[in-house]
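Numbering (the working numbering), first residue to last: 263 to 376. Note that beta-carbon positions come from the ideal geometry of N, C-alpha and C, so glycine has one too. Owing to the predicted nature of the structure, the values given are computational and were not obtained by experimental measurement. Here's the structure, in structure tokens; my notes come after.
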Amino acid sequence: MSLVNFLNELQTKPENIEFPGVIAAIDQYYDFEPTAFQNGETRNEAGQNSGSCKLFSFAQLQGFTKQQTLDCFGAYYRTDVLGNPEGTDHQNIRNFIRFGWEGIKFEGEALRLK
Numbered sequence: 263m264s265l266v267n268f269l270n271e272l273q274t275k276p277e278n279i280e281f282p283g284v285i286a287a288i289d290q291y292y293d294f295e296p297t298a299f300q301n302g303e304t305r306n307e308a309g310q311n312s313g314s315c316k317l318f319s320f321a322q323l324q325g326f327t328k329q330q331t332l333d334c335f336g337a338y339y340r341t342d343v344l345g346n347p348e349g350t351d352h353q354n355i356r357n358f359i360r361f362g363w364e365g366i367k368f369e370g371e372a373l374r375l376k
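In structure tokens, the structure reads:
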């Protein structure tokens with residue numbers, strides 16, 4: 263999927279967005295460097311939770327809103343987190359809901375355009 267098509271889909275049909283497709287789009291256009299990052303109360307070491315690292319970095323580069331970023335997590339957000347608000351899985355999503363962009367701090371640049 264082209265970046266333009268992905269961004270259009272995110273704007274018009276966010277309920278159709280799925281995490282694997284987002285990661286595939288990121289991988290198509292960006293080189294990834296595993297990077298440590300803080301997400302609210304959760305610290306992720308370089309190489310840990312690389313999917314979340316890619317997604318948050320991409321969303322930040324694109325200027326996504328908090329909701330657009332959450333929509334990029336697809337079923338992990340819509341089903342696993344919203345369907346079980348008291349759950350303990352998907353801590354990066356749960357912390358982002360709580361802390362938003364103010365809680366995201368990267369220790370380097372995770373993505374570079376190819």
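Its chain contains D342 as the residues whose beta carbon lies nearer than 7 Å to that of D351, once the 5 sequence neighbours on both sides are disregarded; these appear in chain order. The residue from N278, E277, Y291, L344 with its alpha-carbon nearest to that of Q324 is Y291. Within the same chain, and ignoring the five residues on either side of S314 in sequence, the residues whose Cβ sits closer than 6 Å to its Cβ are N354. In terms of Cα proximity to G336, the closest of I279, F268, L375, E371 is I279.
No residue range can be given for I279, since it is assigned to no beta strand (DSSP E) and is classified by DSSP as neither H nor E. In chain order, N357 place their CB closer than 7 Å to the CB of E303, counting only its own chain and leaving out the 5 sequence neighbours on each side. For S312, the closest of S264, E348, F368 by C-alpha to C-alpha distance is F368. Boundaries cannot be given for K376, as no beta strand (DSSP E) includes it and DSSP labels it neither H nor E.
Counting other Cβ atoms within 10 Å of its Cβ, V266 stays below 16 and is therefore classed as exposed.
As the crow flies, the alpha-carbon of E371 is around 8 Å from that of S319.
Exposed is the label assigned to T327, since fewer than 16 other Cβ atoms lie within 10 Å of its Cβ.
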